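*Asks:* Following this message is one structure expressed as structure tokens.
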Amino acid sequence: MKPLNNKRIVNVNMGITIFITLVFLILLPLIIGDLYIVHLLIMSCIAIVLGMSFSMQYSAGLVNIGAAAYYAIGAYSSTLLVTKLGFSFWTALPVSIVTTGIISLITGLAFIKAGTFTFVILTLLFNLTLVEALGQVEVLGGWRGFVGIPRPDPIPVLFHSPIEFSGHISCYYLILSILLLIVLAFFALYSSRIGRAWKAINQSSRLAETLGINVYYYRVLAFVVASSASGAVGCFYAHYFGTMEPVTFGGFTSIYIQLYSVLGGLQYYILGPAIGATIMIFGPELLRITSELQPIIFGIILLIIILLFPRGILGTLLHLPCFEIASIFGRIGKIKDLIFSKRNSS
Amino acid sequence: MSFSLVVQVIITGLTVGSVYALMAIGLQVIVRTTGVINFAHGQFYAIGAYTFWAAYFLFRLNTYLSLFLTILVLLLIGALSYTSIFGFVQRRFVPGTSLDVKFLLSATASVGLMMFLSQAILLIFGSEERAVPPIWTKIITIADVRLPVERLVVIICCFLIGVALYLFFVKTRLGKAMRAVSADPEMSSLLGINSARIYMLSFSLGCGLAGIAGMLLAPVFAVSPGMGSSLVFMAFLAMLFGGALSYKGAVIGGLVLGLMISFGYQLMGGLSRVVVFAVVITFLIVRPGGLAGEAFE
Amino acid sequence: MIVGIAMAMLEIRDLSKYFGGLAVLNHVDLDVSQSEILGIIGPNGAGKTTLFNVVTGFLPPTSGSIKFEGKDISGLRADQIARRGIARTFQASVLFMETTVFNNVFTAFHMHYRQPGWKTFLHTPSARKEEVFIKQKTTEILEFMDMISMKEELAMNLPHGHQRTLGICISLGINPKLLLLDEPATGMNPVETSAMVSLIRKIRDSGATIVIVEHDMKAVMSLCDRIVVLNHGNKIAEGAPREIGNNREVIEAYLGKGK
Numbered sequence: 265m266k267p268l269n270n271k272r273i274v275n276v277n278m279g280i281t282i283f284i285t286l287v288f289l290i291l292l293p294l295i296i297g298d299l300y301i302v303h304l305l306i307m308s309c310i311a312i313v314l315g316m317s318f319s320m321q322y323s324a325g326l327v328n329i330g331a332a333a334y335y336a337i338g339a340y341s342s343t344l345l346v347t348k349l350g351f352s353f354w355t356a357l358p359v360s361i362v363t364t365g366i367i368s369l370i371t372g373l374a375f376i377k378a379g380t381f382t383f384v385i386l387t388l389l390f391n392l393t394l395v396e397a398l399g400q401v402e403v404l405g406g407w408r409g410f411v412g413i414p415r416p417d418p419i420p421v422l423f424h425s426p427i428e429f430s431g432h433i434s435c436y437y438l439i440l441s442i443l444l445l446i447v448l449a450f451f452a453l454y455s456s457r458i459g460r461a462w463k464a465i466n467q468s469s470r471l472a473e474t475l476g477i478n479v480y481y482y483r484v485l486a487f488v489v490a491s492s493a494s495g496a497v498g499c500f501y502a503h504y505f506g507t508m509e510p511v512t513f514g515g516f517t518s519i520y521i522q523l524y525s526v527l528g529g530l531q532y533y534i535l536g537p538a539i540g541a542t543i544m545i546f547g548p549e550l551l552r553i554t555s556e557l558q559p560i561i562f563g564i565i566l567l568i569i570i571l572l573f574p575r576g577i578l579g580t581l582l583h584l585p586c587f588e589i590a591s592i593f594g595r596i597g598k599i600k601d602l603i604f605s606k607r608n609s610s
Numbered sequence: 488m489s490f491s492l493v494v495q496v497i498i499t500g501l502t503v504g505s506v507y508a509l510m511a512i513g514l515q516v517i518v519r520t521t522g523v524i525n526f527a528h529g530q531f532y533a534i535g536a537y538t539f540w541a542a543y544f545l546f547r548l549n550t551y552l553s554l555f556l557t558i559l560v561l562l563l564i565g566a567l568s569y570t571s572i573f574g575f576v577q578r579r580f581v582p583g584t585s586l587d588v589k590f591l592l593s594a595t596a597s598v599g600l601m602m603f604l605s606q607a608i609l610l611i612f613g614s615e616e617r618a619v620p621p622i623w624t625k626i627i628t629i630a631d632v633r634l635p636v637e638r639l640v641v642i643i644c645c646f647l648i649g650v651a652l653y654l655f656f657v658k659t660r661l662g663k664a665m666r667a668v669s670a671d672p673e674m675s676s677l678l679g680i681n682s683a684r685i686y687m688l689s690f691s692l693g694c695g696l697a698g699i700a701g702m703l704l705a706p707v708f709a710v711s712p713g714m715g716s717s718l719v720f721m722a723f724l725a726m727l728f729g730g731a732l733s734y735k736g737a738v739i740g741g742l743v744l745g746l747m748i749s750f751g752y753q754l755m756g757g758l759s760r761v762v763v764f765a766v767v768i769t770f771l772i773v774r775p776g777g778l779a780g781e782a783f784e
Numbered sequence: 510m511i512v513g514i515a516m517a518m519l520e521i522r523d524l525s526k527y528f529g530g531l532a533v534l535n536h537v538d539l540d541v542s543q544s545e546i547l548g549i550i551g552p553n554g555a556g557k558t559t560l561f562n563v564v565t566g567f568l569p570p571t572s573g574s575i576k577f578e579g580k581d582i583s584g585l586r587a588d589q590i591a592r593r594g595i596a597r598t599f600q601a602s603v604l605f606m607e608t609t610v611f612n613n614v615f616t617a618f619h620m621h622y623r624q625p626g627w628k629t630f631l632h633t634p635s636a637r638k639e640e641v642f643i644k645q646k647t648t649e650i651l652e653f654m655d656m657i658s659m660k661e662e663l664a665m666n667l668p669h670g671h672q673r674t675l676g677i678c679i680s681l682g683i684n685p686k687l688l689l690l691d692e693p694a695t696g697m698n699p700v701e702t703s704a705m706v707s708l709i710r711k712i713r714d715s716g717a718t719i720v721i722v723e724h725d726m727k728a729v730m731s732l733c734d735r736i737v738v739l740n741h742g743n744k745i746a747e748g749a750p751r752e753i754g755n756n757r758e759v760i761e762a763y764l765g766k767g768k
């Protein structure tokens, strides 16, 4: 009897929290007048998805330090489809996701086969090579890239004027919807049999194998799903930002993506990147850190986290004594575990 | 292509190839002993080049003094990096934690270090290329073929360093200790070898090698902040290509890669790196152990 | 008189494994009959764990064949072999350290889900019902192995002896027909060891066939129906415990040449 009651209360609490968060997110741009902040919110949403993509691969035991490559593939394939072949954004979006998926499948099968250490090196090399290729080949835009990439076409709505995407706010709602869809999908994956297999592989791939889990298959699956999500936001980025050059998708961006996850906490596959990415997008702006200094500061931050706070922000905060005591009372602990998709909860 | 052009391309290929090999060996020493994948290796290379430039050009010290100073600086920076960062990470982990976690966190730390150093170098030295006045300007001409002595010196130096390293690992106590620690850390500490110190010295050695590589190429090509990144790409590729667990593989991998790039550049220009990468990757798919046949894990 | 030939559950024929030039397993022939407890002993380095690794797909054999229930399994991957019903434990405690005892065993049921992946993704009612069923099965195993009292403990916090037992619990989760135990009693005192021995008997009695590698001679002698002795990759003796105890070659192998 008691466990059942606990679960009900927890579900209701969780539901309320989610509802309030959603309302807050939806009203946010209307409350904040400053369009520049809205721009930062949009970039945060993109960064959160990229961070979640890194986390998903990490959850299966893969450290991808060339994640920006698939972000680039999504952006470039969509741009090419729209500017050179006349597709509309709405057709280009699914096509670029599929393209990223296919390329990630091919590269994933090869890179993951090589072993986890070699994988780390190969993903970085692939990222650097891709940027080089995009820069050298004129058809793909060369080093100057593309300018004037159009915003998404307006969506016709019944009894209403069509939804335009020329302004920041409608773009925000678009990326927010994409983000929420991806969060939902990822959450469902993590709490399914697939997510359990990933957790097992992450903690001990040898033991997972003895339990009939095909480690290679599940790793490739994580890789492809995560990379496709990156491709999706890559497509959005290209059309939102309007201009794009190969250097944007280089080594530093991949490292920033890794930092989004590490900063928030590697074991928190959804909320970790959410917090980490938001801090890394808003932080430099609020602290007036120039783009020149950013790599230095972020490098130091990464080192500090690895050395002193390897659990990341969420991990360190949630393991503070006050939270530990509260968890003895069970209830708060359960909410904490459920919301934060923590590793050792089932 | 005319014969003299072919020879020149080969010489260039061997020049960069031997530097790739030197870098790859430096990487391997670090990976096989401490388990750290040193992504900041390219930055140590650049520091070597800049230190040499500063000593030789800015402060007008004589060649040998500059050499000595550069190597010293690199060894010190390497030791410092290890103790403050990677050693810390390694010591923090209670034995029994999954080995993967320790190594992956070290790799992440090295990525952070890379970012920091890369930008620091850019800010300290500015973004323009610096030219180091060439030390050897002679050009030997044999049968219509021009052989710049500079490049030959690089090849010969790398060869000599290779021999020195071989002797070091096989004959000296320290070298043997390093090999023991990389083969079996537990057994080594049981035998009384101070693993922590060996780790630091190995890392130092690896960085020293990177610095020497930077020094060697500084007079040949210009010194610029980005030189480290493009070179470390090749170093990693050479290491994987040759077989991550084989020094001989690294040497051969580096040389072959150098030749491929040299010919590729002659034939295709900028796209050569992309094509070489694609070729090596395909090779690795078919033969994951690289040339020597021994991969990680 | 009818002479029946029972098909062995596991048939190993002429199995060799070379590392470089070194023969770690040298033309080994071995049969495991259904429902028996077979012990494999031998000095360190004899190839016992390598044998396990090759049979369970963690290492490819250099030559020879392995048949399980009549079908060839020599080239298969570890997870494929697990799905055929062969489970194994490891010499060192290989567990999901940061998970609870309960979840460790729960994860083991992974391949027995009958609902397809997409249904669990969508959390359909049938998927949820199956989860409840699996939770129940997990509890049964923990009760069977007497571990139910610590089901919420993290694996890394367990004392050594319980960690070894947990390893066996996990392998029971895949409902194995054949269970390979690699030194289950390592590091255990006599009390723990005899508890382990009765647990292993219990497992055999519930229908599994067991092969056990062990150094603790008392446990091996009392537990096993048959014993095989390996030395330097060769099978040097095979038979009932008493015979093995008196076999001169075996005694020499342990005390004689080398260490």
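Residue numbers (my numbering), protein chains in the order written: chain B, 265 to 610; chain X, 488 to 784; chain A, 510 to 768.
Glycine included, each C-beta is placed from N, C-alpha and C at the ideal position.
Since the model is a prediction, treat every value here as computed from it, not as a measurement.
Determine the chain B residues that contact X:Ala607 at a beta-carbon separation under 8 angstroms, and present them in chain order.
*Replies:* Sequence index remark: in the second sequence, residue 607 of chain X carries index 120 (1-based). Simply Ile560.
*Asks:* A:Ile511 by DSSP, collapsed to three states: which one?
*Replies:* Translated into positions along the third sequence, residue 511 of chain A becomes position 2. Because A:Ile511 carries a pLDDT of 45, less than 50, the predicted location of this residue cannot be relied on, and the following value inherits that uncertainty. Reduced to three states, the DSSP call for A:Ile511 is coil.
*Asks:* Who pairs with B:Ile427 in a beta bridge, going by DSSP?
*Replies:* Stepping through the first sequence from its first residue, residue 427 of chain B is reached at position 163. Looking at the DSSP assignment, B:Ile427 forms a beta bridge with B:Ile419.
*Asks:* List, in order along the chain, the chain X residues whose C-beta lies closer than 8 angstroms to that of B:Val403?
*Replies:* Walking along the first sequence from the start, residue 403 of chain B turns up at place 139. Within 8 angstroms Cβ-Cβ: nothing; B:Val403 doesn't reach chain X, min ~12 angstroms.
*Asks:* So X:Ala607 and B:Ile560 are supposed to be a Cβ contact under 8 angstroms. How far apart are they, rounded?
*Replies:* Here residue 607 of chain X refers to the residue found at position 120 of the second sequence. Here residue 560 of chain B refers to the residue found at position 296 of the first sequence. At roughly 6 angstroms, the Cβ-Cβ gap stays under 8 angstroms, so X:Ala607 and B:Ile560 are in contact.
*Asks:* Helix, strand or coil for B:Met508 per DSSP?
*Replies:* In the first sequence, the residue the question calls residue 508 of chain B occupies position 244. Three-state result, B:Met508: strand.
*Asks:* Beta carbons nearer than 8 angstroms to chain X: which residues of the stretch 571-582 of chain B have them?
*Replies:* So the close ones are Leu571, Pro574.
*Asks:* Would you check if the distance between the CB atom of X:Leu771 and the CB atom of B:Leu386 is smaller than 9 angstroms?
*Replies:* Here residue 771 of chain X corresponds to residue number 284 of the second sequence, with the count starting at 1. Here residue 386 of chain B corresponds to residue number 122 of the first sequence, with the count starting at 1. Going by C-beta atoms, X:Leu771 is nearer than 9 angstroms to B:Leu386.
*Asks:* May I ask you to verify whether the stretch 691-702 of chain A touches the stretch 719-729 of chain A, counting CB pairs closer than 8 angstroms and requiring at least 3?
*Replies:* A contact exists between the stretch 691-702 of chain A and the stretch 719-729 of chain A.
*Asks:* Could you name the residues of chain B that A:Ser680 contacts, counting a contact when the two beta carbons are closer than 9 angstroms?
*Replies:* Here the question's residue 680 of chain A lines up with position 171 in the third sequence. Result: Thr474, Leu475.
*Asks:* Taking B:Pro537 and B:Tyr520 to be in contact with their CB atoms under 8 angstroms, please state how far apart those CB atoms are, rounded to whole angstroms.
*Replies:* On the first sequence, position 273 is the one that residue 537 of chain B refers to. On the first sequence, position 256 is the one that residue 520 of chain B refers to. At roughly 11 angstroms, the Cβ-Cβ gap does not stay under 8 angstroms, so B:Pro537 and B:Tyr520 are not in contact.
*Asks:* Any heavy atom of the ligand ATP within a distance shorter than 8 angstroms of the CB on A:Asp725?
*Replies:* The ligand ATP is absent from the structure shown, which contains no ligand whatsoever.
*Asks:* Taking 8 angstroms as the threshold, find out whether the stretch 581-589 of chain A comes into contact with the stretch 471-482 of chain B through three or more Cβ pairs.
*Replies:* With a cut-off of 8 angstroms, the stretch 471-482 of chain B and the stretch 581-589 of chain A count as touching, because enough Cβ pairs lie within range.
*Asks:* For X:Ser675, collect the residues of the same chain with a Cβ closer than 8 angstroms to its Cβ; drop the 5 residues on either side in sequence, then sort them by chain order.
*Replies:* Counted from its first residue, the second sequence places residue 675 of chain X at position 188. Counting only Cβ-Cβ distances below 8 angstroms, and skipping sequence neighbours, we find Ala664, Ala667, Val668, Ser682, Ile685.
*Asks:* Could you tell me the distance, in whole angstroms, from the CA atom of B:Phe573 to the CA atom of B:Leu581?
*Replies:* Start at 1 with the first residue of the first sequence, and residue 573 of chain B comes out as number 309. Start at 1 with the first residue of the first sequence, and residue 581 of chain B comes out as number 317. Distance between the alpha carbons of B:Phe573 and B:Leu581: 10 angstroms.
*Asks:* By the criterion of Cβ-Cβ separation under 7 angstroms, what are the contact partners of A:Ala617 in chain B?
*Replies:* Here residue 617 of chain A is taken as the residue at index 108 of the third sequence, counted from 1. Going along chain B in sequence order, the residues near A:Ala617 (Cβ under 7 angstroms) are Leu475.
*Asks:* Should A:Glu639 go down as buried or exposed, given a rule of 16 or more other Cβ atoms within 10 Å for buried?
*Replies:* The count along the third sequence starts at 1 and reaches residue 639 of chain A at position 130. A:Glu639 is buried by the Cβ-count criterion.
*Asks:* Answer yes or no: does any C-beta atom of chain B fall closer than 9 angstroms to that of X:Phe467?
*Replies:* No statement about residue 467 of chain X is possible, as the shown extent of chain X runs from 488 to 784 and does not include it.
*Asks:* Assuming X:Leu703 and X:Ala725 make a contact with CB atoms under 8 angstroms, what is their CB distance in whole Å?
*Replies:* Locating residue 703 of chain X in the second sequence gives position 216, counting from the first residue. Locating residue 725 of chain X in the second sequence gives position 238, counting from the first residue. Rounded, the Cβ-Cβ distance is 16 angstroms, inconsistent with contact.
*Asks:* With distances taken Cα to Cα, identify the nearest neighbour of A:Glu692 among A:Met606, A:His741, A:Ala601.
*Replies:* The residue labelled residue 692 of chain A in the question sits at position 183 within the third sequence. Checking every option, the nearest Cα to that of A:Glu692 belongs to A:Ala601.
*Asks:* Listing by chain order, which chain A residues have their CB less than 8 angstroms from the CB of B:Ala486?
*Replies:* Taking the first sequence and counting its residues from 1, one reaches residue 486 of chain B at position 222. What B:Ala486 touches in chain A: nothing, since even the nearest Cβ is about 13 angstroms away.
*Asks:* Per the DSSP calculation, X:Phe723 is bridged to which residue(s)?
*Replies:* Translated into positions along the second sequence, residue 723 of chain X becomes position 236. X:Phe723 is not bridged to any residue.
*Asks:* Does the beta carbon of B:Lys377 come closer than 9 angstroms to any beta carbon on chain A?
*Replies:* For this step, residue 377 of chain B is matched to residue 113 along the first sequence. False, the Cβ-Cβ gap to chain A never drops below 9 angstroms.
*Asks:* Going along the chain, which residues of its own chain have a beta-carbon closer than 6 angstroms to the beta-carbon of X:Gly662, five neighbours each way excluded?
*Replies:* Within the second sequence, the letter at position 175 stands for residue 662 of chain X. Contacts found: Phe655, Phe656.
*Asks:* Going by Cα to Cα distance, which pick from X:Ser711, X:Leu678, X:Gly713, X:Ala779 is closest to X:Leu727?
*Replies:* Taking the first residue of the second sequence as 1, we reach residue 727 of chain X at position 240. Ranking X:Ser711, X:Leu678, X:Gly713, X:Ala779 by Cα distance to X:Leu727 puts X:Ala779 first.
*Asks:* Can you name the residues of chain A whose CB is closer than 9 angstroms to the CB of B:Ala461?
*Replies:* One-based indexing of the first sequence puts residue 461 of chain B at position 197. Simply Thr616, His619.
*Asks:* Just curious, the beta strand (DSSP E) that A:His536 is in, first and last residue?
*Replies:* Taking the first residue of the third sequence as position 1, residue 536 of chain A is located at position 27. Residues 531-541.
*Asks:* Under 8 angstroms by Cβ, that's how I've got A:Asn684 and A:Gly551 pegged, so tell me the actual separation to the nearest angstrom.
*Replies:* Residue 684 of chain A sits at position 175 when you count from the first residue of the third sequence. Residue 551 of chain A sits at position 42 when you count from the first residue of the third sequence. The Cβ separation is near 30 angstroms, so there is no contact.
*Asks:* Would the beta-carbon of B:Val359 fall within 9 angstroms of that of B:Ala496?
*Replies:* Position 95 of the first sequence, counted from the start, is the residue given in the question as residue 359 of chain B. Position 232 of the first sequence, counted from the start, is the residue given in the question as residue 496 of chain B. No, they are not a contact pair.
*Asks:* Quick check: the Cα distance between B:Ile568 and X:Met714, rounded to an integer number of angstroms?
*Replies:* For this step, residue 568 of chain B is matched to residue 304 along the first sequence. For this step, residue 714 of chain X is matched to residue 227 along the second sequence. Spanning the two alpha carbons is a distance of roughly 27 angstroms.
*Asks:* I'd like the span of the alpha helix (DSSP H) that includes A:Lys638, first residue to last.
*Replies:* Sequence index remark: in the third sequence, residue 638 of chain A carries index 129 (1-based). Unbroken alpha helix (DSSP H) run through A:Lys638: 634-653.
*Asks:* What is the DSSP secondary structure of A:Lys660, counted as helix, strand or coil?
*Replies:* Indexing the third sequence from 1 puts residue 660 of chain A at position 151. The answer is coil: DSSP assigns A:Lys660 none of H, G, I, E or B.
*Asks:* Suppose you measure from the CA of X:Phe573 to the CA of B:Leu557; what does that come to, to the nearest Å?
*Replies:* What you label residue 573 of chain X is simply residue 86 of the second sequence in a count that begins at 1. What you label residue 557 of chain B is simply residue 293 of the first sequence in a count that begins at 1. About 24 angstroms.
*Asks:* Measure from the C-beta of B:Gln400 to each C-beta in chain A and report whether the shortest distance is under 9 angstroms.
*Replies:* If you number the first sequence from 1, residue 400 of chain B lands on position 136. By this cut-off, B:Gln400 is not an interface position.
*Asks:* Of the residues X:Leu548, X:Ala618, X:Thr628, which one's Cα is nearest the Cα of X:Leu492?
*Replies:* Taking the first residue of the second sequence as 1, we reach residue 492 of chain X at position 5. Considering only alpha carbons, the answer is X:Thr628.
*Asks:* For A:Tyr527, report the span of its alpha helix (DSSP H) as first-last.
*Replies:* Reading the third sequence from its first residue, position 18 is the one you call residue 527 of chain A. It is not in any alpha helix (DSSP H) - A:Tyr527 instead sits in the beta strand (DSSP E) that spans 519-528.
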